[in-house]
Amino acid sequence: MASKERLAKDFANMEKFSDGGEGITRLAFTRPDRQAAAYIAGRMKELGLTLREDAFGNIIGRREGLFPGEAPVMFGSHVDSVPSGGNFDGTAGVLAAIEAIEMMNEEGFKNECPIELALFMCEESSRFGAATLGSRAMCGLLTAEDTKKLKDRQGVSLYDALKSLDLDPDGLESSVYKGNPKAFFEMHIEQGKVLEAEGKPIGIVTGIAAPTRMKITFEGMADHSGATPMGMRRDALCAASEAVLELERLASAETGVPAVGTVGVISVKPGAINVIPGTAEITVDIRSISKEVKASVTESFTAFIKASSEKRGVKTNIELISDEKPVMLPQETVKYLEKICAETGAPHITMPSGAGHDAMHWAERTRTGMIFIPCRGGISHNKDEYADIDHIALGADILCRAVKGASAKDFRW
Ligand SMILES: [Zn+2]
1 MASKERLAKD
11 FANMEKFSDG
21 GEGITRLAFT
31 RPDRQAAAYI
41 AGRMKELGLT
51 LREDAFGNII
61 GRREGLFPGE
71 APVMFGSHVD
81 SVPSGGNFDG
91 TAGVLAAIEA
101 IEMMNEEGFK
111 NECPIELALF
121 MCEESSRFGA
131 ATLGSRAMCG
141 LLTAEDTKKL
151 KDRQGVSLYD
161 ALKSLDLDPD
171 GLESSVYKGN
181 PKAFFEMHIE
191 QGKVLEAEGK
201 PIGIVTGIAA
211 PTRMKITFEG
221 MADHSGATPM
231 GMRRDALCAA
241 SEAVLELERL
251 ASAETGVPAV
261 GTVGVISVKP
271 GAINVIPGTA
281 EITVDIRSIS
291 KEVKASVTES
301 FTAFIKASSE
311 KRGVKTNIEL
321 ISDEKPVMLP
331 QETVKYLEKI
341 CAETGAPHIT
351 MPSGAGHDAM
361 HWAERTRTGM
371 IFIPCRGGIS
381 HNKDEYADID
391 HIALGADILC
401 RAVKGASAKD
411 FRW
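Residue 275 in the working numbering sits at position 275 of the sequence shown, and the numbers go up by one each step.
Right, dumping it as structure tokens:
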């Protein structure tokens, strides 16, 4: 069983690594982030793991197996944070992994295949505007050129940030993971309200959603609000408003594999109380773990906009900002984690992940499983982020069993 005392101590220690202000501010490759990484490396060493750091600064602690030539079972997460975030996003997964190694040591567990605990750098997009960069580097999806283009608010490039820490952006190829791990597991806080609402301490992730993002401009006609009769208007905001509600309707109608659709920004010009809006601009974010569902919502939505705007005499311009690929996690790992939950009597549900995670890159390379635990009120990326130690300990137990089981040489899914 996971030790809540040990976990609580690690969380208390991690809380110290912050740039000050409210909550935890541990932006990637800043001083507190380096201190946190050093603390985790120290814990891994203490537990007898053999450490290596790659060119991007990712830290991998290896528990050698009885068959060192076999592909390792990998697990891990990140410890960098958003500004004024919490001490649980990412950190809970890393500390649960540390606790899993504690448990293995305690019981004298001998793993046949090697086990590797990975601490991924720069998972949050807060500093350089791009997420999961450490795991991208390990999966061969990040080049030195990319690191030169990514800059923080002060204009410091990721390339220079890495150089200043004696890391090696020019040698990123060397950080590409050789071969494929046998499996990858990540525990993470849910960052949503589903587990809490369902009263379940464990969520087994079926897939990781990715956004399709658009900027849509509606061009109507700015006119006098008093002198223009209702039938003679070309109101851009009315056209945009119809679109906002249609997106809600379309996403809600996906009841098989769910989809979510959000208009987070709306701006209106000229923006005066006595002028009919001439231009309205909205941002659209559509997500699902199914690429087909996401494509179908996107298609119906854009078709609706064209038709409804035409009726209103409003011109539209749809600009695609990004169209990322969602990842389905394999049935085998979902079933495997469900079986472990059943054996341990842990109440659980299967669910999609709305947020991106390091695990999505590993899912392209190996059988990948993710375990969610609740966070209070579903709050995350916020100073009030909080996860119950009982849930963290239960998640650590399940993570530990999953890794131990998969590390058997003759393990079959
Ligand atoms: Zn995270």
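Beta carbons are placed, not taken as given, at the ideal position from N, Cα and C, and that holds for glycine.
Taking the CB atoms as reference points, tell me whether residue i and residue j lie closer together than 9 Å.
i    : j    : result
I202 : I24  : no
P374 : I189 : yes
R26  : S81  : yes
I289 : I208 : yes
K269 : A240 : no
R52  : R63  : no
A402 : F185 : yes
A259 : K294 : yes
K4   : A393 : yes
I389 : T283 : no
T302 : I318 : yes
I98  : L47  : yes
A100 : S77  : no
S407 : G65  : yes
E159 : P169 : The sequence shown places Tyr at residue 159, rather than the Glu named in the question. Cβ distance < 9 Å, so Y159 and P169 count as in contact.
For residue i, is the classification buried or exposed, using 16 other Cβ atoms within 10 angstroms of its Cβ as the cut-off for buried?
i    : result
N111 : buried
P211 : buried
A197 : exposed
T206 : buried
F67  : exposed
W362 : buried
K306 : exposed
K16  : exposed
S126 : buried
P347 : exposed
E261 : Here residue 261 turns out to be Gly, not Glu, going by the sequence shown. Classification for G261: buried.
H391 : buried
V265 : exposed
P229 : exposed
R153 : exposed
L165 : exposed
M232 : exposed
A38  : exposed
M1   : exposed
G57  : buried
S322 : exposed
R367 : buried
Could you tell me the boundaries of the alpha helix (DSSP H) in which residue i lies?
i    : result
D160 : 158 to 164
P32  : 31 to 46
T344 : 331 to 344
H361 : 359 to 362
R401 : 389 to 406
E248 : 236 to 252
R412 : Segment: none, R412 is in no alpha helix (DSSP H) and carries neither H nor E.
G134 : 133 to 138
V194 : 194 to 198
M104 : 91 to 106
K178 : First-last for K178: undefined, no H or E at that position.
K269 : Element bounds for K269: not the alpha helix (DSSP H) but the beta strand (DSSP E), 266 to 269.
E145 : 144 to 149
Could you spell out where the beta strand (DSSP E) holding residue i opens and where it closes?
i    : result
G61  : 59 to 63
G378 : From DSSP, G378 is part of no beta strand (DSSP E); its letter is neither H nor E.
V293 : Segment 291 to 312 is the alpha helix (DSSP H) holding V293; no beta strand (DSSP E) there.
A210 : 210 to 219
R6   : Where R6 is concerned, there is no enclosing beta strand (DSSP E), although the alpha helix (DSSP H) it sits in stretches over 4 to 15.
R52  : 50 to 53
G261 : 259 to 262
T189 : For the record, residue 189 in the displayed sequence is Ile; it is not Thr. Segment 183 to 189, the beta strand (DSSP E) holding I189.
K315 : 315 to 323
E116 : 115 to 120
D414 : Because the chain is modelled from 1 through 413, residue 414 falls outside the range shown and cannot be assessed.
T350 : 348 to 353
S77  : 73 to 78
Please look up how many angstroms separate the CB atoms of residue i and residue j, rounded, as I've assumed it's under 8 Å.
i    : j    : result
E123 : D358 : 6 Å
A236 : G226 : Contact doesn't hold; Cβ gap of about 18 Å is too wide.
V73  : V94  : Between V94 and V73 the Cβ distance is about 16 Å, and since that is not below 8 Å, they are no contact.
E71  : G179 : It should be pointed out that residue 71 corresponds to Ala in this sequence rather than to Glu. Confirmed, Cβ separation roughly 6 Å.
T333 : G356 : Not quite, the Cβ-Cβ distance comes to about 18 Å (not below 8 Å), so this is no contact.
G192 : E385 : With a Cβ gap of about 12 Å, G192 and E385 do not count as contacting.
V297 : E338 : Contact flag wrong, Cβ pair sits at about 28 Å.
F120 : G134 : 4 Å
K383 : E106 : Not confirmed; about 34 Å, so no contact.
L162 : T143 : With 8 Å as the limit, L162 and T143 do not qualify as a contact, their Cβ atoms being about 13 Å apart.
F372 : L195 : 6 Å
A41  : I60  : Incorrect: roughly 10 Å between the Cβ atoms, too far for contact.
*Could you please go through the chain and list the residues whose beta-carbon is closer than 5 Å to any non-hydrogen atom of ligand 1?*
D89, G90
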